[in-house]
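Asker:
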Amino acid sequence: MLNGRKRALIVVIGSMIALVLGFLVFVLFYGIPRWGDAIVSALYLLPIPVLVLLYSTRSRRK
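This note's numbering puts the first residue of the sequence shown at 1039, with every later residue one more than the last.
1. I need the DSSP call for L1084, collapsed to helix, strand or coil.
2. How many angstroms separate the CA atom of L1047 from the CA atom of M1054?
3. Express the C-alpha separation of A1056 and A1080 in angstroms, rounding to a whole number.
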């Protein structure tokens, strides 16, 4: 079994990869966005890794 710190690191790296892949798909479909669009899309994607981190810490405390 992985200990908590290693699993949290994997979750963080995975969420970063997911953010980058989501941004690349966004760029492929819509072209390179203006800075305002990029910031808005990043704000929409931001809660996902935060929720995953909260869930992992909550499940680890039990």
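C-beta atoms are modelled at their ideal positions from N, C-alpha and C, and glycine is treated no differently.
Answerer: The short version:
1. coil
2. 11 angstroms
3. 12 angstroms
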